[in-house]
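A.B. asks: Can you read through this structure? Questions will come right after.
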Amino acid sequence: MEFDLALQTAANAGILTCIYALIAVGLAIMFGVMKMANMAHGEFYMVGAYCVYLLYAVAGWPFPAAVIGGIAIVAGLGLVVERAIFRPLRGQVVVGYIATAGLMFMLQVGMGQIFGVGRPEIVPTYLTGSVGFLGTIVGSQRLLVVPAAVAALLLLWFFLHRMKAGRALRAVAQDPEAAALQGISIDRMSALAIGIGSAFAGLAGGLMAPVYPVTPYMGHAVILIAFIIVIVGGLGSIMGAVIASVIFGFIYTFVTTIADGVLASIIGVIVMLVVLAIKPTGLLGRVKA
Amino acid sequence: MSKHNPRQIVLVAVFALLAVMPLWLRAYHTEVLIILFINIILAVSFYIIAQTGEWSLAHVVMMGVGAYSSALFTSRLGIPVFASIPIAALVAAGIGRLINYPLVRMTGFGFFIGSFAAGEAIRLTWVRMRYPFGGVRGLINIPTPGTISVAGFAVNFSHAIPYYLMTLGVMAVSLFFMYRIDKSRLGDTFRAIHSDPDLAGSAGINITSYRNQAFMIGSLFAGLAGALLVHRMGSVDPHGFSITTMVYLLVWVVVGGTGSFISPIIGVSVMTAIFEGARGLAQWRPFLFGAILILMLIFVPGGLGSLIPKVQERYKKLRSG
Numbered sequence: 128m129e130f131d132l133a134l135q136t137a138a139n140a141g142i143l144t145c146i147y148a149l150i151a152v153g154l155a156i157m158f159g160v161m162k163m164a165n166m167a168h169g170e171f172y173m174v175g176a177y178c179v180y181l182l183y184a185v186a187g188w189p190f191p192a193a194v195i196g197g198i199a200i201v202a203g204l205g206l207v208v209e210r211a212i213f214r215p216l217r218g219q220v221v222v223g224y225i226a227t228a229g230l231m232f233m234l235q236v237g238m239g240q241i242f243g244v245g246r247p248e249i250v251p252t253y254l255t256g257s258v259g260f261l262g263t264i265v266g267s268q269r270l271l272v273v274p275a276a277v278a279a280l281l282l283l284w285f286f287l288h289r290m291k292a293g294r295a296l297r298a299v300a301q302d303p304e305a306a307a308l309q310g311i312s313i314d315r316m317s318a319l320a321i322g323i324g325s326a327f328a329g330l331a332g333g334l335m336a337p338v339y340p341v342t343p344y345m346g347h348a349v350i351l352i353a354f355i356i357v358i359v360g361g362l363g364s365i366m367g368a369v370i371a372s373v374i375f376g377f378i379y380t381f382v383t384t385i386a387d388g389v390l391a392s393i394i395g396v397i398v399m400l401v402v403l404a405i406k407p408t409g410l411l412g413r414v415k416a
Numbered sequence: 014m015s016k017h018n019p020r021q022i023v024l025v026a027v028f029a030l031l032a033v034m035p036l037w038l039r040a041y042h043t044e045v046l047i048i049l050f051i052n053i054i055l056a057v058s059f060y061i062i063a064q065t066g067e068w069s070l071a072h073v074v075m076m077g078v079g080a081y082s083s084a085l086f087t088s089r090l091g092i093p094v095f096a097s098i099p100i101a102a103l104v105a106a107g108i109g110r111l112i113n114y115p116l117v118r119m120t121g122f123g124f125f126i127g128s129f130a131a132g133e134a135i136r137l138t139w140v141r142m143r144y145p146f147g148g149v150r151g152l153i154n155i156p157t158p159g160t161i162s163v164a165g166f167a168v169n170f171s172h173a174i175p176y177y178l179m180t181l182g183v184m185a186v187s188l189f190f191m192y193r194i195d196k197s198r199l200g201d202t203f204r205a206i207h208s209d210p211d212l213a214g215s216a217g218i219n220i221t222s223y224r225n226q227a228f229m230i231g232s233l234f235a236g237l238a239g240a241l242l243v244h245r246m247g248s249v250d251p252h253g254f255s256i257t258t259m260v261y262l263l264v265w266v267v268v269g270g271t272g273s274f275i276s277p278i279i280g281v282s283v284m285t286a287i288f289e290g291a292r293g294l295a296q297w298r299p300f301l302f303g304a305i306l307i308l309m310l311i312f313v314p315g316g317l318g319s320l321i322p323k324v325q326e327r328y329k330k331l332r333s334g
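Protein chains in written order, with our numbering: chain A, 128 to 416; chain B, 14 to 334.
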């Protein structure tokens, strides 16, 4: 691999890392607080992309407002799912996971029937042009995901470590019973966790809408890698999810550039299998998968 | 001849009825029933593994291993279909044994998602390797069984009705074996591992070994189902064994339940009837299945099979006054 290509691939990997981090951190915070895994998380990302399509490309809202609108809608969707599916099934992680597989079907088919399958929706780019650095060129729209992801993660860190509700959330993640004894409502914290997690998925989908083809099945492409990242990083660990996002962002981009995407996926699932077999807590997790 | 209980008489009557049904069924419905029989083998083989408490997301891929194996044995090596189907089932059992090396270390959610990773690794290998698996488009022109002399008659098993009868027979034999396993000490041991692994371990049960056995038996019959499928379809591709198909299997098993041997059979049959009955809904059918899956998990967590004892009890109460 030539140096120029390697540099360009590294830039692409950095952008992919940010998308992965947004999606995987959402899953991690939900698992950490609720001990529940959402198989429809990729579809939440898809719904976020469709929201931006509707609000920005169709209704003509400014792009940032459309993204914020998408975040709010997907977070609302998360709250409904928490109340309807996760709360009645609390404590049964496999059962909850299977139920969200049903939700995955419903969202894919529902969106497919409303917007049509086969032809992706076209979302015009918000930031045209590109940025060059050391001979690498990245489209401005794609680059936008980097500051957005960093800002979202810093905001999350501030919330979790400096604000009362965030501390309560971490308390529930560490020990739900002790947290409940302190008067923290598990129901409200679960709703908060899925709200934040879904908002992150909505943000990722909204930012990617002008870059990736918006189709009802776009969630498929990210959900597998998101689970690989969360398992390798350690279930419920936000820091672990970020670190694993960097690792897999680079592995996927470089393997895809040198060989092909299928090989990258094969490497991903095998790494996940090995981690589950040898170190089921992942890199930084406290919870055993 | 010994006295038979009413259950056995009903069972014989059901199979006798199924055997003569193609005489008045339309061709399309014969095909639907062939697929139903294959899916019953698949769902019950899933049930066998589920007795140890683990739900395998690799199960549809193990069916695919049977399908790909038999497709390659017949088209590349020229092995006759009837010999290739049982060999393919054994290959699936062997592959099942291999992927269970890492999987047996996992339980619960870890096993669930780990089995998905293992299955996906196999499935993506089919996607990536043009030779011999045909890559993303899969394999076509897979041989059908052809004409074979049965009791002096030349029967062409490539036709629907002979293939239907063959599948019915294979299903009957498979269900017989799996039923005997389920009711044997082996089945009880699987359930002991599920209900209390620590107790089972301290009672001297080798949990790893029994979980391996359950996974191999399940994979064997899943592979058999896949081989039966591929020689009827004539083609096979990796997408057919993706997570989407796996979710359909989960819907059958959740709707029927895993509490008794009959439960998964009820699940597949009911959902096949609903699927065929909802033809008018066309593309909305996965939506319906997703909704049914969620509602069943929340409101009838044991599946339809768990309602049978309750119905029987109520019926007895009514009769006794």
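Where a beta carbon is used, it is the ideal one built from N, C-alpha and C, also for glycine.
(1) Can you tell me whether A/GLY310 is buried or exposed? The criterion is at least 16 other CB atoms within 10 Å of its CB, across all chains shown.
(2) Kindly give me the distance between the Cβ atoms of B/PHE86 and B/ILE108, rounded to whole angstroms, as I take these residues to be in contact under 8 Å.
(3) Does DSSP classify B/VAL23 as helix, strand or coil?
(4) When the Cα atoms are used, what is the spatial distance from A/VAL220 to A/TRP284?
(5) Near B/ARG298, which residues of its chain fall below 7 Å by C-beta distance, leaving aside the five closest residues on each side in sequence?
(6) Considering B/ALA167, what are the terminal residues of the beta strand (DSSP E) in which it resides?
(7) Quick one: what's B/SER282 bridged to in DSSP?
(8) Which residues of the stretch 294-305 of chain B have a Cβ closer than 7 Å to any Cβ of chain A? Give them in chain order.
(9) Any beta carbon of chain A sitting closer than 9 Å to that of B/PRO314?
(10) Jot down the residue ranges of each uninterrupted alpha helix (DSSP H) in the stretch 119-169 of chain B, minimum 4 residues, whole runs only, in chain order.
(11) Quick check on DSSP: helix, strand or coil for B/ILE321?
(12) Do you know offhand how far B/ALA80's Cα is from A/ARG246's?
(13) What whole-angstrom Cβ distance do B/VAL268 and B/VAL283 have, given they're in contact under 8 Å?
(14) Whole-angstrom Cβ separation of A/GLY395 and A/ILE352, contact assumed at under 8 Å?
(15) Here's a check: name, in chain order, each residue in its chain whose Cβ is nearer than 7 Å to the Cβ of B/HIS207, leaving out the five neighbours to either side.
(16) So what does DSSP say about B/GLY315, is it helix, strand or coil?
(17) Where does B/PHE86 sit, in a helix, a strand or coil, going by DSSP?
(18) Check whether the Cβ atoms of A/GLY388 and A/ALA371 sit closer than 9 Å, and answer yes or no.
(19) Identify the continuous alpha helix (DSSP H) that holds A/ALA250 and give its terminal residues.
(20) Using a C-beta to C-beta distance shorter than 8 Å, which residues of chain B count as neighbours of A/VAL222?
(21) Looking only at its own chain, which residues have a Cβ that is under 8 Å from the Cβ of B/SER248, when we skip the five neighbours before and after it?
(22) Closer than 7 Å between beta carbons: that is the criterion. Which residues of the stretch 93-127 of chain B meet it against chain A?
(23) Report yes or no: is there a C-beta of chain B within less than 9 Å of the C-beta of A/SER312?
(24) Give the interface partners of A/LYS406 over in chain B, defined as CB-CB distance under 8 Å, in chain order.
(25) Less than 6 Å between C-beta atoms, sequence neighbours within five positions excluded: which residues of the same chain meet that for A/ALA140?
(26) Going along the chain, which residues of its own chain have a beta-carbon closer than 7 Å to the beta-carbon of A/VAL299, five neighbours each way excluded?
(27) Which same chain residues, not among the five before or five after B/TYR192, have their C-beta less than 8 Å away from its C-beta?
(28) Whole angstroms are fine: how far does the CA of B/LEU242 sit from the CA of B/MET254?
(29) Are the CB atoms of B/GLY214 and B/MET76 nearer to each other than 9 Å?
(30) Closest Cβ-Cβ distance between A/LEU411 and chain B: below 9 Å?
(31) If you follow the alpha helix (DSSP H) that A/ILE365 is part of, which residue opens it and which one closes it?
(32) For a contact meaning CB atoms closer than 9 Å, what does A/ALA155 contact in chain B?
(33) Along the chain, where does the alpha helix (DSSP H) that runs through A/ILE393 open and close?
(34) The alpha helix (DSSP H) spanning B/SER215 covers which residue range?
(35) Using CA atoms only, rank isn't needed, just tell me which of B/PHE146, B/GLY127, B/LEU320 and B/LEU237 is closest to A/ILE397.
(36) Determine the closest residue to B/VAL140 out of B/ALA102, B/ASP250, B/GLY123 and B/LEU263, with distance taken between C-alpha atoms.
C.D. replies: Quick answer:
(1) For the purposes of this step, residue 310 of chain A is identified with residue 183 of the first sequence, where counting begins at 1. With fewer than 16 other Cβ atoms inside 10 Å of its own Cβ, A/GLY310 counts as exposed.
(2) Position 73 of the second sequence, counted from the start, is the residue given in the question as residue 86 of chain B. Position 95 of the second sequence, counted from the start, is the residue given in the question as residue 108 of chain B. Not confirmed; about 14 Å, so no contact.
(3) Taking the second sequence and counting its residues from 1, the one referred to as residue 23 of chain B is at position 10. In this structure, B/VAL23 counts as helix in the three-state DSSP scheme.
(4) Counting from one through the first sequence, the residue named residue 220 of chain A turns up at place 93. Counting from one through the first sequence, the residue named residue 284 of chain A turns up at place 157. When rounded, the distance between both Cα atoms is 26 Å.
(5) By 1-based counting over the second sequence, the position of residue 298 of chain B is 285. For B/ARG298, where only same-chain residues beyond five positions count, the Cβ hits under 7 Å are PHE288 and ALA291.
(6) In the second sequence, the residue the question calls residue 167 of chain B occupies position 154. 166-169 is the span of the beta strand (DSSP E), which, as asked, contains B/ALA167.
(7) On the second sequence, residue 282 of chain B is found 269 positions in, with the first residue counted as 1. DSSP lists no partner for B/SER282.
(8) GLN296, TRP297, PRO299, PHE300, PHE302, GLY303 and ALA304
(9) The residue labelled residue 314 of chain B in the question sits at position 301 within the second sequence. True, the Cβ-Cβ gap to chain A drops below 9 Å.
(10) 121-141 and 143-146
(11) Against the second sequence, residue 321 of chain B aligns to sequence position 308. Looking at B/ILE321 - three-state DSSP - the assignment turns out to be helix.
(12) One-based indexing of the second sequence puts residue 80 of chain B at position 67. One-based indexing of the first sequence puts residue 246 of chain A at position 119. Between B/ALA80 and A/ARG246, the C-alpha separation is close to 32 Å.
(13) By 1-based counting over the second sequence, the position of residue 268 of chain B is 255. By 1-based counting over the second sequence, the position of residue 283 of chain B is 270. Between B/VAL283 and B/VAL268 the Cβ distance is about 6 Å, and since that is below 8 Å, they are a contact.
(14) Numbered from 1 along the first sequence, position 268 holds the residue referred to as residue 395 of chain A. Numbered from 1 along the first sequence, position 225 holds the residue referred to as residue 352 of chain A. Between A/ILE352 and A/GLY395 the Cβ distance is about 6 Å, and since that is below 8 Å, they are a contact.
(15) Here residue 207 of chain B refers to the residue found at position 194 of the second sequence. Hits under 7 Å: GLN64, THR65 and GLY66.
(16) Translated into the one-based positions of the second sequence, residue 315 of chain B becomes position 302. Three-state DSSP puts B/GLY315 in coil, outside helix and strand.
(17) Along the second sequence, one-based indexing puts residue 86 of chain B at 73. Note: B/PHE86 maps to helix in three-state DSSP.
(18) As a first step, residue 388 of chain A is located in the first sequence; it is residue number 261 there, counting from the start. As a first step, residue 371 of chain A is located in the first sequence; it is residue number 244 there, counting from the start. A/ALA371 sits away from A/GLY388, with the two beta carbons spaced by 9 Å or more.
(19) Looking up residue 250 of chain A in the first sequence gives position 123. First, the amino acid is wrong: residue 250 of chain A is Val here, not Ala. Note, A/VAL250: premise wrong, no alpha helix (DSSP H); not H, not E.
(20) Within the first sequence, residue 222 of chain A is the residue found at index 95, counting from 1. Going along chain B in sequence order, the residues near A/VAL222 (Cβ under 8 Å) are LEU310 and PRO314.
(21) Translated into positions along the second sequence, residue 248 of chain B becomes position 235. Answer for B/SER248: GLY151, LEU152, ILE153, ASN154 and ILE155, listed in chain order.
(22) PRO115, ARG118, MET119, GLY121, PHE122, GLY123, PHE125, ILE126 and GLY127
(23) Counting from one through the first sequence, the residue named residue 312 of chain A turns up at place 185. It does not: the Cβ of A/SER312 has no partner Cβ on chain B nearer than 9 Å.
(24) Looking up residue 406 of chain A in the first sequence gives position 279. Annotation: A/LYS406 has no Cβ neighbours in chain B at a cutoff of 8 Å; minimum Cβ distance is about 11 Å.
(25) Taking the first sequence and counting its residues from 1, the one referred to as residue 140 of chain A is at position 13. Answer for A/ALA140: GLY376, PHE377 and THR380, listed in chain order.
(26) Position 172 of the first sequence, counting from 1, holds the residue named residue 299 of chain A. VAL160, ALA306, ILE311, ILE313 and MET316, listed in sequence order.
(27) On the second sequence, residue 192 of chain B is found 179 positions in, with the first residue counted as 1. Listed in chain order, the non-local C-beta contacts of B/TYR192 below 8 Å within the same chain comprise PHE274, local neighbours out to five positions each way being set aside.
(28) Here residue 254 of chain B corresponds to residue number 241 of the second sequence, with the count starting at 1. Here residue 242 of chain B corresponds to residue number 229 of the second sequence, with the count starting at 1. Strictly speaking, residue 254 of chain B in this sequence is Phe, with Met absent from that position. Cα to Cα, B/PHE254 sits roughly 12 Å from B/LEU242.
(29) Reading the second sequence from its first residue, position 201 is the one you call residue 214 of chain B. Reading the second sequence from its first residue, position 63 is the one you call residue 76 of chain B. It is not a contact, given that the beta carbons lie outside the stated cut-off.
(30) On the first sequence, residue 411 of chain A is found 284 positions in, with the first residue counted as 1. No, A/LEU411 does not count as interfacial toward chain B.
(31) Start at 1 with the first residue of the first sequence, and residue 365 of chain A comes out as number 238. Unbroken alpha helix (DSSP H) run through A/ILE365: 365-385.
(32) Translated into the one-based positions of the first sequence, residue 155 of chain A becomes position 28. None at all; the shortest Cβ gap to chain B is about 14 Å.
(33) Position 266 of the first sequence, counting from 1, holds the residue named residue 393 of chain A. Its alpha helix (DSSP H) spans residues 388-405.
(34) To locate residue 215 of chain B, count along the second sequence from 1; it is residue 202. It spans 210-215 - the alpha helix (DSSP H) in which B/SER215 sits, taken as one unbroken run.
(35) Numbered from its first residue, the first sequence carries residue 397 of chain A at position 270. Cα-wise, what sits closest to A/ILE397 is B/GLY127.
(36) Translated into the one-based positions of the second sequence, residue 140 of chain B becomes position 127. The candidate whose alpha carbon is nearest that of B/VAL140 is B/ASP250.
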